[in-house]
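Right, one structure below, let's go through it.
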Amino acid sequence: MTTNFKKLPYDPTKLPRELKKYYISSSKEEQGEMLKALGAKELKDLFSHIPDNVKFDKAPFVTEELGYNDLIAHMEALAAKNNLKTCFIGDGLKNYKVQDIVPYVCDLRGLTTAYTPYQPERSQGTLQTLWIYSSTLSMLTGFEAINASFYERSTALYEAIQTATRLVKGSNTALVCESLYPGDIEVLKTQAKETGLNIITVPTDKDTGITNRDTLHKMATDLGEKLACIVFPQVNNYGNLEDVHSLTDLCSELQVQSIAIFDPMLLATEGLIQPSEFGSQKQGANMIVGEGQHLAIGPNFGGPGLGIFGIRYNDKNKNDIRQTAGRFVGRARDINGKDALCMVLSTREQHIRREKATSNICSNQSFVASAAGAAILARGEDGMTEAALAGRDYALQMAQILTQYKGVNLAFPSTPFYNEFVLELPVKVKDLQAKASKANIQLGVDVSNRLHDGRNLLLLSFFDVHNDEDLEKLENFFAENFEAEENDEFLPEIPEDFLRTTPVGLPNLDVEEIKSFYKKLADLNVSPDDNIYPLGSCTMKYNPYINDWAAGLKGFTDVHPQAPIEDVQGSLEVLYEIQEMFKSITGLPAVTTQPVAGAQGELVGLKLFQGYHRNNGEADTRNIVLIPRSAHGTNPATATMAGFETKTVDGVQYGIVIIEADNRGHINFDQLKAEVAKYNTRIAGVMVTNPNTSGLFETSFKEMADLIHGVGGLVYMDGANMNAIAGWIDLNKMGVDAVHNNLHKTWTIPHGGGGPGDGIVAVSHRLVDYLPGIQVVKKGNFFDVEKAPKSIGSFHRHVGNFAHKVRAYTYIKALGGNGVRDMSGVAVLAARYLYERLKPIYPSLPENCENETRMHEFILTISKETFERIEKGGTPKAQAIAKIGKLFLDFGLHAPTVAFPEVYGLMIEPTESYSKAELDRFVEVVKAINGLINETPHVLTTAPHFTPVKKVDEVDANKNLTFMEDLKHLPHLYHNIIEPTVLSNMNIKEICVEIQKAHQKCVEA
Ligand SMILES: Cc1ncc(COP(=O)(O)O)c(C=O)c1O
């Protein structure tokens, strides 16, 4: 039976949750006991308050369920369907050697499975990895502030452009060099539609293959004050080096923002000039954007990517950063003055500013950033240079050799290139590629259609993944297909001032030392492997190891998203099957797998709404979006980002209209009806989370949807809480037009300390024709790709976070329809069981709704008397809930979600991953916390007590912002005072005693 287990790098029999059916830890008996405690007989009873007309009659099919052993064989077979050939494709995504440190770090569950570091005391591990990322990127680029990542290059660029429009008052236009990767430009145009932002492309000069300064100058001056920024690449989509100095100077002269696109790998010592020194005065670009996936991982069919973003933060410029989006990690101190790290500048973000936030981004690509930081350290100063020079040397050699064939010439003979160049061929590129394919070569990218000058243009890319054999293979292939011809033309030289003159200064460290450092960092976090991770709304459940193993199969990781379709059949099959799975799970007729996070799914949803209304001639008139007050901050931020700006003009309301909750904690239907009557055909749509963020199912969702459809509006469901309803509720019956599924919640892909997430969107028949990206279709046994007939465009430079699709696919394959239904059934059971046991001790929120039926999560609060005791104990009311959250850390747990959606709430979501014994212990812990806050409330003032750093002074960190250090060695290491795993097994009373002792010690110190 266990034969296939040997293929795995871990022993599943030694992992307590890995081989549990559907990864549910409680036994049927335990479930029976919990059901009994709730007065229910079967899981079905937990859904009896939901109207039958929105339910599936039985478990949807979803997919054929596979046992663990079969799943291993199945995933191997799927990965083997991709053809890995000698690949000279780079273009939109580069391809460097994956460093040993990366798979090592990817196996550190404390880092991969942890949540966004909102609790800095329990997240110093993640924060350190991000600090290393931003510091090393700062060293490479010369930029003082690098954020903790965006999704990938194109979305990072969109955010940079938005920042520019905020910095240049009265502006609304970006001039974007057409020499950027075309997939990036498509994303910019898609996102900009209906927002008032103009994206204008600047043509590439056909002779030089770079941007012509005079053309650009004219276009820029014609735009006048409308111009916010000019976007240009350092290495463009022909591999040519743009004149970054003259382009930066032009921006300085025009007083617009310069946004430079760069490749971090090429900024190594002896590589290209760093963007902080662009310009004749070395004034530097204003912002930088780059792709960093290849710093860390292989092509993975296009994702997860890593959108690098940087901005200046120095004595001359301390304010621009406040207009940016995304998370930054900053230097901090704890209450004892010990060095620490925390997230800073979050007052710009969606969870605080909602519709006024700088962006809707929430989950980013945190883990890819962490892995990139580790990989940069592992390469070190010398290794980075070697990697950059390897590609350069190969490119020079091959440019020299391949132009010795008749009719094969450099397409831009006088323009310098670095490690990629374009050949002009005497034959159609497609034909040559087809021949190359037979010789087991993926022959670069056909760029003939980019310049429209009638030439046959082939882009070839060289990296350190190549070796001499690969080059020989390429040379032989050309020798077989072209006649030799003497060519004594010189290759263009790179001007001195395009090259870096100062070393980066990275340390050269021993890889074993780095591994041991990251292992220790992982131990500073907590993981849902070990204990309940009660973050409400975040669905921190067990992430099966097998998912990561499958995603790491070479057949999946090494395949380039621009490889020929016949070579990527395995990847396309995964995407096709996952489309089918999510159609079945949601009941909706179509799916896009492109969105890479919940928030991006929301944006895709609203852009789809706009596409639909535009098609009906109503793009301008439908300008109202209804959103409940309890919505996650991403919902209003998304609406703004999509173009529904909230404002009142001449007494007329535009943008978001807030719907309040009724006295049962549900959508106030009377208000909704009134708003629908008032705004009628001006309603673009509604965005509703169901179950809502109070853990209540919106039982009148269908009536609401009917009402909205009645006036021609559309219905978005935020599907963050699908873990409560998947397999039970048919979203089609409920009237949903678009819904995102956070794969990093319900569908078990690891959170990665803040991302990458994933946000597959399913849509109704109304929106099928407008889907973005590609649709994978099955033609016999062949998987092909199509674009929807009225597609709204694209939201990712390639197909999205492909590796996460493999993870979710592997998970869902282990579940089938019955497993999906059990998964959410038991998740609801666990939450309701906890709620039932904690309800007598803690009041709940929303107020006066304690008897409303909860789904997968619930919100606790404390009584007026307890608040008073806590205040007397030295903690102001405004801080009490956050401080109680810190007490959870003292028991080896992560904190629940604090202060959202209720300011005084602790939102708890246990998921289906834990046994009854674990749930019972959790109840005892929460009871013990109740004891502590009532009897010894002063302990809150010094909580948490056993974490590597004490309470972090986040206010001070925001006042004294520091975003990087020059890393000369590994940062100082922290240690837990008591390990969370030890705390998880300690006697609870004993922990209470230790807390009081630790408090006393703190006070005395
Ligand atoms: C209800 C809800 N909606 C949307 C989001 C945003 O999802 P993401 O972080 O994947 O962008 C979250 C994330 O926590 C959420 O809880």
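So that you can map any letter, position 789 of the sequence shown is 778 in the numbering used here, and since no number is skipped, the others follow by simple counting. For every residue, glycine included, the Cβ atom is placed at its ideal position computed from N, Cα and C.
Where D382 is concerned, the enclosing alpha helix (DSSP H) starts and stops at S355 to L391. For K17, the enclosing alpha helix (DSSP H) has its first and last residue at K17 to A26. Assignment of M276 by DSSP, reduced to helix, strand and coil, places it in the strand class.
Annotation: P625 to T635 spans about 9 angstroms, alpha carbon to alpha carbon.
Bounds of any alpha helix (DSSP H) do not take in H729; it lies within the beta strand (DSSP E) bounded by A727 to N731. Remark: the C-beta of N657 is outside contact range of ligand 1, defined as less than 8 angstroms to any heavy atom. In terms of side-chain proximity, the C-beta atom of T850 is found no nearer than 8 angstroms to any non-hydrogen atom of ligand 1. DSSP assignment within the region 565 to 620 yields the following whole alpha helix (DSSP H) runs of 4 residues or more, N-terminal first: 587 to 604.
In this structure, E591 has its CB closer than 8 angstroms to one or more heavy atoms of ligand 1. In the DSSP assignment, L685 is bridged to R843. Here C991 carries a helix assignment [DSSP, helix/strand/coil].
Contact annotation, K417 with N456: C-beta distance approximately 29 angstroms; criterion of less than 8 angstroms not satisfied. A straight line joining the alpha-carbon of W538 with that of K530 spans about 18 angstroms. The secondary-structure analysis by DSSP pairs M896 across a beta bridge with I848 and T886. In terms of side-chain proximity, the C-beta atom of G744 is found nearer than 8 angstroms to a non-hydrogen atom of ligand 1. Around P492, the same chain offers T258 as residues with beta carbons nearer than 6 angstroms, after the five sequence neighbours per side are excluded. Contact residues of ligand 1 (beta-carbon closer than 6 angstroms to any heavy atom; chain order) are C351, S352, S526, C527, A586, G587, A588, H621, T623, T678, T682, D707, A709, N731, G746 and G748.
Under DSSP, no beta-bridge partner is assigned to E943.
Only residues of its own chain outside the window of five on either side were considered, and among them L330, L510 and P960 have a CB closer than 7 angstroms to the CB of Q117, listed in chain order.
Counting every other CB atom within 10 Å of its CB across the protein chains shown gives G28 a total below 16, marking it as exposed. Cβ contact annotation for N837 (same chain, cutoff 7 angstroms, sequence separation greater than five): N652, in chain order.
By alpha-carbon distance to T864, the top candidate from D719, T886, A917 and N923 is N923.
For the 9 angstroms CB-CB criterion, L513 and H883 do not form a contact.
Distances from the alpha-carbon of D304 to those of E133, L385 and G372 put E133 closest. Here V646 is buried. Its C-beta has 16 or more other C-beta atoms within 10 Å.
By a beta-carbon distance limit of 8 angstroms, G544 contacts A69. Their separation comes to about 5 angstroms.
Within the DSSP bridge table, the entry for R786 names no partner.
By the neighbour-count criterion, in which 16 or more other beta carbons inside 10 Å mark a residue as buried, S450 falls on the buried side. Below 8 angstroms, too few C-beta pairs join the region 355 to 367 and the region 435 to 442 to call them touching: fewer than three. In the structure shown, E148 adopts helical secondary structure according to DSSP, grouped into three states. Just so you know, the alpha carbons of E7 and F506 end up roughly 27 angstroms apart. Three or more pairs of CB atoms, one per stretch, sit closer than 8 angstroms, so the region 139 to 151 contacts the region 163 to 179. Distances from the CA of F36 to each of A620, P680, V94 and F877 were compared; the closest alpha carbon is that of P680.
DSSP places R755 outside both helix and strand once states are collapsed to three, so it counts as coil.
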